[in-house]
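Notes follow once the structure below has been shown.
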Amino acid sequence: MKADVRESDIQVAGLAMCKRTFQIFQERGYTSYIMPAGLRNIGQLTEMAGGKNVTFTLQTRVQNMVLEADPAREIRIDNPVDPAAIERLMKVPEFVRAYEPDGLGQEEFIRFGVMQKLLSQFTETGWAPLETYGSTKTSGRWI
Numbered sequence: 011m012k013a014d015v016r017e018s019d020i021q022v023a024g025l026a027m028c029k030r031t032f033q034i035f036q037e038r039g040y041t042s043y044i045m046p047a048g049l050r051n052i053g054q055l056t057e058m059a060g061g062k063n064v065t066f067t068l069q070t071r072v073q074n075m076v077l078e079a080d081p082a083r084e085i086r087i088d089n090p091v092d093p094a095a096i097e098r099l100m101k102v103p104e105f106v107r108a109y110e111p112d113g114l115g116q117e118e119f120i121r122f123g124v125m126q127k128l129l130s131q132f133t134e135t136g137w138a139p140l141e142t143y144g145s146t147k148t149s150g151r152w153i
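Written as C-alpha cells, this is what we have:
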C-alpha cells in the first residue's frame, strides 16, 4: 500500500514530532529541554517560538537565514501542524514509530534508522575530526 504523502508533509514531519514532544512534556510536567536539530528552514525555528524549555543550536547558515528573513516575533509553539499532513504521515510506519509516545520501545531507540543516521553524522563530522585535530594522524576509532 502506497502512502499518499506530499513533499510538504515530509518537510513538516520533524516539526510535527517536535511540537508533539513539547505538548507531551507540558502535559506530564517534564522539565527537560527539547533541542530540535537539523533545521533546514526558518519555519522549523519560528514554529517552535515561545516554547518553554525549547532551545536551539543554529548553524551560521541558519542564523543568517533568520536574520535576512527578519520573521515576525510571534509565539507559535501552540499552533498545530496541518492535521491533513499528520493524517497522511500516519500512513508511514516509520513516522508513526517516531511520532507516537509508545511507538518505539526503549530497546529499539538506539537501532531506529533516524537515530543511527544522527549518531553516524556526529561521529563522522564531530568526534573523528576532534580526535585528530592538530595532528597528522587519522582516527582509527570510526573507520
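Residue 19 in the numbering used here sits at position 9 of the sequence shown, with consecutive numbering throughout.
Using N, Cα and C, we set each Cβ at its ideal position, and we do this for glycine too.
For residue j and residue i, the rounded distance between their alpha carbons
| i | j | result |
| --- | --- | --- |
| Phe-122 | Met-100 | 17 angstroms |
| Asp-14 | Ala-108 | 19 angstroms |
| Leu-128 | Glu-134 | 10 angstroms |
| Ser-130 | Gly-48 | 14 angstroms |
| Ala-95 | Val-106 | 13 angstroms |
| Gln-36 | Pro-139 | 38 angstroms |
| Pro-103 | Gly-113 | 9 angstroms |
| Gly-115 | Thr-146 | 42 angstroms |
| Pro-93 | Gly-144 | 50 angstroms |
| Asn-63 | Gln-69 | 20 angstroms |
| Pro-81 | Arg-16 | 26 angstroms |
| Phe-8 | Gln-21 | Because the chain in this structure spans residues 11 to 153, residue 8 falls outside the shown range and cannot be described. |
Same chain, Cβ closer than 7 angstroms to residue i, neighbours up to 5 away in sequence not counted
| i | result |
| --- | --- |
| Ala-79 | Ile-52 |
| Thr-65 | Tyr-43, Met-45 |
| Phe-119 | Met-125 |
| Ala-23 | Leu-99, Phe-105 |
| Cys-28 | Ile-44, Pro-46, Met-58 |
Residue-chain proximity (residue i, chain C), Cβ-Cβ < 9 angstroms
| i | result |
| --- | --- |
| Asn-51 | Looking at the structure shown, chain C is missing, and only one protein chain is on hand. |
Proximal residues to residue i (C-beta, below 8 angstroms), its chain only, five neighbours per side dropped
| i | result |
| --- | --- |
| Gly-60 | Glu-84, Ile-85, Arg-86, Ile-87, Asp-88 |
| Arg-26 | The identity of residue 26 in the sequence shown is Ala, whereas the question assumes Arg. Answer for Ala-26: Val-91, Ala-95, Ile-96, Leu-99, Tyr-109, listed in chain order. |
Residue interval of the alpha helix (DSSP H) (run including residue i)
| i | result |
| --- | --- |
| Gln-73 | 70 to 79 |
| Glu-42 | The residue asked about is misnamed: residue 42 is Ser in this sequence, not Glu. Taken as a continuous stretch (DSSP letters only), Ser-42 belongs to no alpha helix (DSSP H), as it is neither H nor E. |
| Lys-101 | No alpha helix (DSSP H) contains Lys-101, which DSSP labels as neither H nor E. |
| Ala-26 | 17 to 38 |
Which listed residue (the options) has its alpha carbon closest to that of residue i
| i | options | result |
| --- | --- | --- |
| Phe-32 | Pro-103, Val-102, Pro-90, Phe-105 | Pro-90 |
| Leu-154 | Glu-110, Val-22, Thr-56 | Since the first and last residues shown for the chain are 11 and 153, residue 154 lies out of range. |
| Ser-18 | Gln-54, Lys-29, Gln-36 | Gln-54 |
| Thr-67 | Pro-81, Asp-112, Arg-50 | Arg-50 |
| Ile-34 | Ser-145, Pro-139, Thr-146, Pro-111 | Pro-111 |
| Arg-30 | Phe-132, Ile-20, Gln-21, Met-58 | Met-58 |
Exercise for review: Count the C-beta pairs between the stretch 29 to 46 and the stretch 70 to 79 that are closer than 8 angstroms, then say yes if the count reaches three, no if not.
Suggested key: no
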